[in-house]
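*Asks:* So that we are looking at the same thing, I have put the structure below in structure tokens.
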Amino acid sequence: MHRPLALFAPLVLLWALLAELNHALSGLHCHVFGGALFVAYAALHQPLRSGLAASLLGGLVCDANTPIPFGTHFVLFAAAHLFLHRVRDRVPRQD
Numbered sequence: 003m004h005r006p007l008a009l010f011a012p013l014v015l016l017w018a019l020l021a022e023l024n025h026a027l028s029g030l031h032c033h034v035f036g037g038a039l040f041v042a043y044a045a046l047h048q049p050l051r052s053g054l055a056a057s058l059l060g061g062l063v064c065d066a067n068t069p070i071p072f073g074t075h076f077v078l079f080a081a082a083h084l085f086l087h088r089v090r091d092r093v094p095r096q097d
């Protein structure tokens, strides 16, 4: 139970930083979406269960203030997490 919450805390911080960055860039009519950042670490370095829980919670946070139907990021982050978790043995990484 503690691992998903420990993984979720930096995701909330990332969400807040992206919100501030997007607010600063709004005068230039630019937008930054860091969806891959919410999924990558949890999918590539954590066990399936706790990583998926953190990715799903991150998806709910991203869903909270977007104009698209609620649950879209939830489903997309889950699909991306499961795909990356499946192929992570084929992705070169340093331990």
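For the sequence shown, my numbering gives the first residue as 3, with consecutive numbering after it. All C-beta atoms, glycine included, are put in the ideal place defined by N, C-alpha and C.
#1: Between Trp17, Leu30, Ala21, Phe85, which has its C-alpha nearest Leu46's C-alpha?
#2: Thinking just about the alpha-carbon of each residue, which of Val77, Asn24, Gln48 is nearest to the one in Phe10?
#3: In its own chain, which residues sit with a C-beta less than 7 Å from the C-beta of Leu62, not counting the 5 before and 5 after it?
#4: Check each candidate in Gly60, Leu7, His4 and name the one with the smallest Cα separation from Trp17.
#5: Return yes when the Cβ of Asp65 is within less than 9 Å of the Cβ of Gly99, no when it is not.
#6: Quick one: using the 10 Å Cβ neighbour count with 16 as the cut-off for buried, is His25 buried or exposed?
#7: Which word fits Phe79, buried or exposed, when buried means at least 16 other C-beta atoms lie within 10 angstroms of its C-beta?
#8: Assign Ala38 to buried or exposed, taking buried as 16 or more other Cβ atoms, counted over all protein chains shown, within 10 Å of its Cβ.
#9: Nearest to Gly36 by alpha carbon, out of Gly29, Leu50, Val14?
#10: Starting from the Cα of Ala56, find the closest Cα among Ala82, Ile70, Glu22 and give me that residue.
*Replies:* In short, the structure shows the following:
#1: Along the sequence shown, read from residue 1 onward, the residue named residue 46 stands at position 44. Taking only the C-alpha atoms, the option nearest Leu46 is Phe85.
#2: Position 8 of the sequence shown, counting from 1, holds the residue named residue 10. Here the closest residue by C-alpha is Gln48.
#3: Within the sequence shown, numbered from 1, the residue matching residue 62 stands at position 60. Apart from sequence neighbours up to five positions away, the residues of its chain that approach Leu62 with a beta-carbon distance below 7 Å are Phe76, ordered along the chain.
#4: Mapped onto the sequence shown, residue 17 falls at position 15. Among Gly60, Leu7, His4, the Cα nearest to that of Trp17 belongs to Gly60.
#5: No answer is possible for residue 99: the residues shown for the chain start at 3 and end at 97.
#6: Counting from 1 along the sequence shown, the entry for residue 25 is found at position 23. So His25 counts as exposed.
#7: Stepping through the sequence shown from its first residue, residue 79 is reached at position 77. Counting Cβ neighbours within 10 Å, Phe79 comes out buried, since at least 16 surround it.
#8: Residue numbering aside, residue 38 sits at position 36 when the sequence shown is read from its first letter. Ala38 should be labelled exposed.
#9: Position 34 of the sequence shown, counted from the first residue, corresponds to residue 36. Ranking Gly29, Leu50, Val14 by Cα distance to Gly36 puts Val14 first.
#10: Residue 56 sits at position 54 when you count from the first residue of the sequence shown. Across the set Ala82, Ile70, Glu22, the C-alpha of Ala82 shows the shortest separation from the C-alpha of Ala56.
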